[in-house]
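Shown next, in C-alpha coordinates, is the structure this report addresses.
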Amino acid sequence: MILSSGPVGAAVAWPWLPALGAALAYLVAMLPAPDGRRLHTVALQLGWVLHGLALVLEISAVGREPPGVRFGFGPALSLTVWFVLAVHAVESRLFSLPGVRRQLATVGAPVVLLAAAFPGEMRLEGGSAWLPLHWLLGIASYGMFGAAVLHAMLLDRAERLLRLKLIPPQGAGGPFGLPLLRLERLTFRFVEAGFVVLSAALLLGAWLSPHWRWDHKTVFSLLGWATFALLIAGRLIWGWRGRRATRWLYAGAALLLLAYIGSRFVLEVVLHRVVA
1 MILSSGPVGA
11 AVAWPWLPAL
21 GAALAYLVAM
31 LPAPDGRRLH
41 TVALQLGWVL
51 HGLALVLEIS
61 AVGREPPGVR
71 FGFGPALSLT
81 VWFVLAVHAV
91 ESRLFSLPGV
101 RRQLATVGAP
111 VVLLAAAFPG
121 EMRLEGGSAW
131 LPLHWLLGIA
141 SYGMFGAAVL
151 HAMLLDRAER
161 LLRLKLIPPQ
171 GAGGPFGLPL
181 LRLERLTFRF
191 VEAGFVVLSA
201 ALLLGAWLSP
211 HWRWDHKTVF
221 SLLGWATFAL
231 LIAGRLIWGW
241 RGRRATRWLY
251 AGAALLLLAY
261 IGSRFVLEVV
271 LHRVVA
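Going by UniProt numbering, 123 is the number at position 123 of the sequence shown; the sequence numbering is gapless.
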(Lines of atoms letter the chains of each structure in order from A and count residues from 1; the text may use other names and numbers.)
(Lines give C-alpha, C1' and ligand atoms only; values in the text may rest on other atoms or scores of the structure.)
Protein backbone atom coordinates (compact mmCIF):
# COMPACT_ATOMS: atom_id res chain seq x y z
CA MET A 1 0.00 0.00 0.00
CA ILE A 2 2.80 2.40 0.86
CA LEU A 3 4.64 1.66 -2.36
CA SER A 4 1.63 1.56 -4.68
CA SER A 5 2.13 2.92 -8.17
CA GLY A 6 0.95 6.30 -9.43
CA PRO A 7 1.25 9.83 -8.10
CA VAL A 8 -1.04 9.22 -5.12
CA GLY A 9 0.97 6.21 -4.00
CA ALA A 10 4.21 8.15 -4.40
CA ALA A 11 2.81 11.03 -2.34
CA VAL A 12 1.75 8.67 0.43
CA ALA A 13 5.20 7.05 0.39
CA TRP A 14 7.11 10.33 0.73
CA PRO A 15 6.63 10.83 4.50
CA TRP A 16 7.55 7.21 5.14
CA LEU A 17 11.02 7.51 3.60
CA PRO A 18 12.46 10.01 6.13
CA ALA A 19 10.38 8.41 8.90
CA LEU A 20 11.94 4.99 8.27
CA GLY A 21 15.38 6.59 7.99
CA ALA A 22 14.86 8.39 11.29
CA ALA A 23 13.69 5.21 13.00
CA LEU A 24 16.77 3.35 11.73
CA ALA A 25 19.07 6.12 12.96
CA TYR A 26 17.36 6.05 16.36
CA LEU A 27 17.87 2.29 16.53
CA VAL A 28 21.61 2.82 16.01
CA ALA A 29 21.61 5.50 18.72
CA MET A 30 19.96 3.03 21.11
CA LEU A 31 22.93 0.65 20.95
CA PRO A 32 25.43 0.62 23.84
CA ALA A 33 28.52 2.77 23.33
CA PRO A 34 31.25 1.42 25.65
CA ASP A 35 34.25 3.09 24.01
CA GLY A 36 32.88 6.29 22.57
CA ARG A 37 29.64 7.99 21.74
CA ARG A 38 30.57 9.68 18.47
CA LEU A 39 28.77 7.26 16.13
CA HIS A 40 25.74 7.10 18.40
CA THR A 41 25.63 10.88 18.80
CA VAL A 42 25.77 11.35 15.03
CA ALA A 43 23.03 8.73 14.63
CA LEU A 44 20.82 10.60 17.10
CA GLN A 45 21.45 13.89 15.30
CA LEU A 46 20.73 12.32 11.90
CA GLY A 47 17.55 10.79 13.30
CA TRP A 48 16.48 14.22 14.58
CA VAL A 49 17.01 15.83 11.14
CA LEU A 50 15.11 13.08 9.30
CA HIS A 51 12.44 13.18 11.99
CA GLY A 52 11.93 16.89 11.31
CA LEU A 53 11.75 16.31 7.55
CA ALA A 54 9.14 13.59 8.06
CA LEU A 55 7.08 15.97 10.20
CA VAL A 56 7.16 18.67 7.52
CA LEU A 57 5.94 16.21 4.88
CA GLU A 58 3.25 14.77 7.17
CA ILE A 59 1.85 18.08 8.40
CA SER A 60 1.97 19.81 5.01
CA ALA A 61 0.42 16.72 3.35
CA VAL A 62 2.60 17.03 0.25
CA GLY A 63 0.75 15.67 -2.79
CA ARG A 64 -2.31 14.53 -0.83
CA GLU A 65 -5.93 15.26 -1.61
CA PRO A 66 -7.69 17.33 -0.47
CA PRO A 67 -4.84 19.80 0.04
CA GLY A 68 -4.39 21.30 3.47
CA VAL A 69 -2.48 21.09 6.71
CA ARG A 70 -2.99 17.90 8.73
CA PHE A 71 -2.24 17.77 12.41
CA GLY A 72 -3.59 14.73 14.20
CA PHE A 73 -2.49 13.01 17.39
CA GLY A 74 0.47 11.30 15.67
CA PRO A 75 2.22 14.47 14.44
CA ALA A 76 1.39 16.22 17.74
CA LEU A 77 3.13 13.51 19.77
CA SER A 78 5.97 13.26 17.24
CA LEU A 79 6.55 17.02 17.24
CA THR A 80 6.64 17.04 21.05
CA VAL A 81 9.35 14.36 21.09
CA TRP A 82 11.23 16.19 18.31
CA PHE A 83 11.16 19.36 20.42
CA VAL A 84 12.53 17.46 23.45
CA LEU A 85 15.33 16.12 21.24
CA ALA A 86 16.10 19.69 20.15
CA VAL A 87 16.33 20.75 23.80
CA HIS A 88 18.70 17.85 24.46
CA ALA A 89 20.86 18.86 21.47
CA VAL A 90 21.32 22.35 22.94
CA GLU A 91 21.74 21.02 26.46
CA SER A 92 24.40 18.49 25.48
CA ARG A 93 26.59 21.39 24.35
CA LEU A 94 26.62 22.71 27.91
CA PHE A 95 26.98 19.53 29.96
CA SER A 96 26.89 15.78 29.50
CA LEU A 97 23.83 13.65 30.27
CA PRO A 98 25.01 10.26 28.96
CA GLY A 99 21.95 8.31 30.09
CA VAL A 100 19.58 10.43 28.03
CA ARG A 101 20.63 9.45 24.51
CA ARG A 102 19.29 5.91 24.61
CA GLN A 103 16.06 6.98 26.33
CA LEU A 104 15.33 9.61 23.70
CA ALA A 105 16.17 7.25 20.85
CA THR A 106 13.94 4.56 22.36
CA VAL A 107 11.01 6.99 22.39
CA GLY A 108 11.82 8.63 19.05
CA ALA A 109 11.87 5.45 16.93
CA PRO A 110 8.25 4.34 17.46
CA VAL A 111 6.87 7.88 17.63
CA VAL A 112 8.21 8.95 14.22
CA LEU A 113 6.61 5.86 12.64
CA LEU A 114 3.36 6.47 14.52
CA ALA A 115 3.10 9.96 13.03
CA ALA A 116 3.59 8.59 9.51
CA ALA A 117 0.88 5.99 10.09
CA PHE A 118 -1.63 8.41 11.65
CA PRO A 119 -1.09 11.91 10.18
CA GLY A 120 -4.66 12.98 10.99
CA GLU A 121 -7.20 14.85 8.92
CA MET A 122 -7.33 18.22 10.67
CA ARG A 123 -7.08 21.21 8.35
CA LEU A 124 -6.38 24.69 9.64
CA GLU A 125 -7.55 26.74 6.65
CA GLY A 126 -10.26 29.31 7.17
CA GLY A 127 -9.43 30.10 10.79
CA SER A 128 -7.90 33.14 12.39
CA ALA A 129 -4.46 34.28 11.32
CA TRP A 130 -3.45 33.82 14.97
CA LEU A 131 -4.40 30.13 15.01
CA PRO A 132 -0.96 28.83 13.91
CA LEU A 133 0.59 30.77 16.81
CA HIS A 134 -1.88 29.11 19.19
CA TRP A 135 -0.86 25.65 17.95
CA LEU A 136 2.82 26.56 18.05
CA LEU A 137 2.59 27.77 21.64
CA GLY A 138 0.67 24.65 22.64
CA ILE A 139 3.20 22.27 21.13
CA ALA A 140 6.11 24.32 22.54
CA SER A 141 4.60 23.95 26.02
CA TYR A 142 4.28 20.19 25.42
CA GLY A 143 7.96 20.10 24.52
CA MET A 144 8.97 22.09 27.60
CA PHE A 145 7.02 19.81 29.90
CA GLY A 146 8.35 16.77 28.06
CA ALA A 147 11.91 17.96 28.73
CA ALA A 148 10.94 18.56 32.38
CA VAL A 149 9.58 15.01 32.67
CA LEU A 150 12.78 13.59 31.17
CA HIS A 151 14.91 15.48 33.70
CA ALA A 152 12.56 14.54 36.54
CA MET A 153 13.04 10.87 35.70
CA LEU A 154 16.81 11.35 35.88
CA LEU A 155 16.39 13.21 39.16
CA ASP A 156 14.27 10.44 40.68
CA ARG A 157 16.77 7.82 39.57
CA ALA A 158 19.74 9.74 40.98
CA GLU A 159 17.95 10.24 44.31
CA ARG A 160 17.10 6.54 44.44
CA LEU A 161 20.74 5.60 43.82
CA LEU A 162 21.80 8.06 46.49
CA ARG A 163 19.41 6.54 49.04
CA LEU A 164 20.73 3.08 48.21
CA LYS A 165 24.27 4.46 48.67
CA LEU A 166 25.22 3.39 45.16
CA ILE A 167 26.68 6.84 44.52
CA PRO A 168 28.55 9.03 47.03
CA PRO A 169 26.81 12.19 48.33
CA GLN A 170 29.52 14.41 46.88
CA GLY A 171 28.79 12.96 43.44
CA ALA A 172 25.05 13.50 43.69
CA GLY A 173 24.77 13.73 39.93
CA GLY A 174 25.74 10.08 39.83
CA PRO A 175 25.87 8.51 36.40
CA PHE A 176 24.47 11.67 34.79
CA GLY A 177 27.49 13.86 35.52
CA LEU A 178 25.36 16.63 37.03
CA PRO A 179 24.90 17.58 40.72
CA LEU A 180 21.43 16.80 42.07
CA LEU A 181 20.63 20.39 43.02
CA ARG A 182 21.57 21.63 39.56
CA LEU A 183 19.53 18.88 37.91
CA GLU A 184 16.56 19.79 40.10
CA ARG A 185 16.83 23.50 39.27
CA LEU A 186 17.07 22.67 35.57
CA THR A 187 14.01 20.43 35.78
CA PHE A 188 11.81 23.12 37.26
CA ARG A 189 13.15 25.82 34.97
CA PHE A 190 11.56 23.78 32.19
CA VAL A 191 8.36 23.54 34.24
CA GLU A 192 8.24 27.31 34.74
CA ALA A 193 8.97 28.02 31.08
CA GLY A 194 6.35 25.50 29.97
CA PHE A 195 3.79 27.02 32.34
CA VAL A 196 4.33 30.50 30.89
CA VAL A 197 4.02 29.23 27.30
CA LEU A 198 0.97 27.09 28.15
CA SER A 199 -0.71 30.09 29.81
CA ALA A 200 -0.13 32.15 26.67
CA ALA A 201 -1.55 29.35 24.50
CA LEU A 202 -4.68 29.05 26.65
CA LEU A 203 -5.26 32.81 26.72
CA LEU A 204 -4.83 33.04 22.96
CA GLY A 205 -7.14 30.05 22.46
CA ALA A 206 -9.82 31.66 24.65
CA TRP A 207 -9.53 34.88 22.68
CA LEU A 208 -9.80 33.06 19.34
CA SER A 209 -12.84 31.00 20.37
CA PRO A 210 -16.12 32.91 19.97
CA HIS A 211 -17.93 30.42 22.22
CA TRP A 212 -16.36 28.65 25.17
CA ARG A 213 -16.77 24.87 24.96
CA TRP A 214 -16.26 22.50 27.86
CA ASP A 215 -14.96 19.63 25.74
CA HIS A 216 -12.33 17.06 26.73
CA LYS A 217 -9.49 19.15 25.34
CA THR A 218 -10.50 22.25 27.32
CA VAL A 219 -11.13 20.39 30.58
CA PHE A 220 -7.87 18.42 30.53
CA SER A 221 -5.88 21.49 29.44
CA LEU A 222 -7.23 23.55 32.33
CA LEU A 223 -6.68 20.70 34.79
CA GLY A 224 -3.10 20.38 33.56
CA TRP A 225 -2.57 24.14 33.87
CA ALA A 226 -3.98 24.10 37.42
CA THR A 227 -1.73 21.17 38.37
CA PHE A 228 1.39 23.00 37.20
CA ALA A 229 0.23 26.18 38.94
CA LEU A 230 -0.10 24.23 42.20
CA LEU A 231 3.31 22.64 41.65
CA ILE A 232 5.00 26.01 41.18
CA ALA A 233 3.14 27.46 44.18
CA GLY A 234 4.02 24.40 46.25
CA ARG A 235 7.71 24.83 45.53
CA LEU A 236 7.66 28.56 46.27
CA ILE A 237 5.43 28.50 49.36
CA TRP A 238 5.75 25.06 50.91
CA GLY A 239 9.15 24.06 49.58
CA TRP A 240 8.07 20.95 47.68
CA ARG A 241 11.05 18.98 46.44
CA GLY A 242 12.06 15.51 45.44
CA ARG A 243 9.47 12.86 44.71
CA ARG A 244 6.53 14.95 45.91
CA ALA A 245 7.32 17.61 43.32
CA THR A 246 8.02 15.15 40.51
CA ARG A 247 4.74 13.31 41.15
CA TRP A 248 2.87 16.58 40.58
CA LEU A 249 4.92 17.10 37.43
CA TYR A 250 4.04 13.66 36.09
CA ALA A 251 0.35 14.22 36.87
CA GLY A 252 0.27 17.56 35.05
CA ALA A 253 2.08 16.12 32.03
CA ALA A 254 -0.37 13.19 31.88
CA LEU A 255 -3.33 15.59 31.90
CA LEU A 256 -1.83 17.61 29.06
CA LEU A 257 -1.18 14.42 27.12
CA LEU A 258 -4.85 13.53 27.47
CA ALA A 259 -5.92 17.06 26.52
CA TYR A 260 -4.96 16.99 22.86
CA ILE A 261 -3.10 13.82 21.94
CA GLY A 262 -5.34 11.51 23.96
CA SER A 263 -8.61 13.03 22.74
CA ARG A 264 -7.41 13.06 19.12
CA PHE A 265 -6.35 9.42 19.39
CA VAL A 266 -9.85 8.42 20.48
CA LEU A 267 -11.52 10.51 17.76
CA GLU A 268 -9.22 9.57 14.89
CA VAL A 269 -8.29 5.95 15.65
CA VAL A 270 -11.00 4.54 17.91
CA LEU A 271 -14.07 6.40 16.60
CA HIS A 272 -12.69 7.07 13.07
CA ARG A 273 -13.99 10.62 13.03
CA VAL A 274 -12.59 13.37 10.82
CA VAL A 275 -12.09 16.44 12.99
CA ALA A 276 -12.19 19.79 11.26
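C-beta atoms are modelled at their ideal positions from N, C-alpha and C, and glycine is treated no differently.
task = Assuming residue 315 contacts residue 120 (C-beta within less than 8 Å), just tell me the rounded distance between them.
result = An answer regarding residue 315 cannot be provided, because it is not within the stretch 1 to 276 covered by the chain.
ask   = What's the gap between the Cα of residue 74 and the Cα of residue 134?
value = The residue you call residue 74 lines up with position 74 of the sequence shown. The residue you call residue 134 lines up with position 134 of the sequence shown. Note on geometry: alpha-carbon atoms of residue 74 and residue 134 lie some 18 Å from one another.
request  = For the alpha helix (DSSP H) containing residue 200, list its first residue and its last residue.
outcome  = For this step, residue 200 is matched to residue 200 along the sequence shown. Its alpha helix (DSSP H) spans residues 180 to 208.
ask   = Does the stretch 242 to 250 come within contact of the stretch 219 to 234, defined as at least 3 CB pairs closer than 8 Å?
value = Yes, the stretch 242 to 250 touches the stretch 219 to 234.
ask   = What residue from 97, 85 and 77 has the CA that sits closest to residue 111's CA?
value = What you label residue 111 is simply residue 111 of the sequence shown in a count that begins at 1. With distances taken between Cα atoms, residue 111 lies closest to 77.
request  = Give the DSSP-derived three-state secondary structure of residue 48 in the structure shown.
outcome  = By one-based count along the sequence shown, residue 48 stands at place 48. It is helical.
ask   = If you pair each beta-carbon of the stretch 38 to 57 with each one of the stretch 14 to 24, do three or more pairs fall below 8 Å?
value = Because the criterion of three Cβ pairs below 8 Å is met, the stretch 38 to 57 and the stretch 14 to 24 touch.
key: Residue closest to residue 23, alpha-carbon to alpha-carbon, out of 61, 192 and 81   = Counted from its first residue, the sequence shown places residue 23 at position 23. Taking only the C-alpha atoms, the option nearest residue 23 is 81.
message = Quick test of your reading: residue 253 and residue 149, contact by CB under 8 Å. State the CB separation rounded to the nearest angstrom.
response = Taking the sequence shown and counting its residues from 1, one reaches residue 253 at position 253. Taking the sequence shown and counting its residues from 1, one reaches residue 149 at position 149. Contact holds; Cβ gap of about 5 Å.
task = Spatial neighbours of residue 223 within its chain, please: CB distance less than 7 Å, with the 5 preceding and 5 following residues excluded, ordered by chain position.
result = Within the sequence shown, numbered from 1, the residue matching residue 223 stands at position 223. Non-local C-beta neighbours of residue 223 in its own chain, meaning closer than 7 Å and more than five positions away in sequence, comprise 255, ordered along the chain.
request  = With DSSP collapsed to three states, give me the class of residue 223.
outcome  = Looking up residue 223 in the sequence shown gives position 223. In this structure, residue 223 counts as helix in the three-state DSSP scheme.
task = Would you mind reading off the limits of the alpha helix (DSSP H) that contains residue 156?
result = Within the sequence shown, numbered from 1, the residue matching residue 156 stands at position 156. In this chain, the alpha helix (DSSP H) harbouring residue 156 covers 131 to 163.
query = Under three-state DSSP, which class holds residue 15?
reply = By one-based count along the sequence shown, residue 15 stands at place 15. Residue 15: helix per DSSP, three-state reduction.
key: Between the CA atoms of residue 197 and residue 163 - distance to the nearest angstrom   = One-based indexing of the sequence shown puts residue 163 at position 163. One-based indexing of the sequence shown puts residue 197 at position 197. The straight-line gap from Cα to Cα measures roughly 35 Å.
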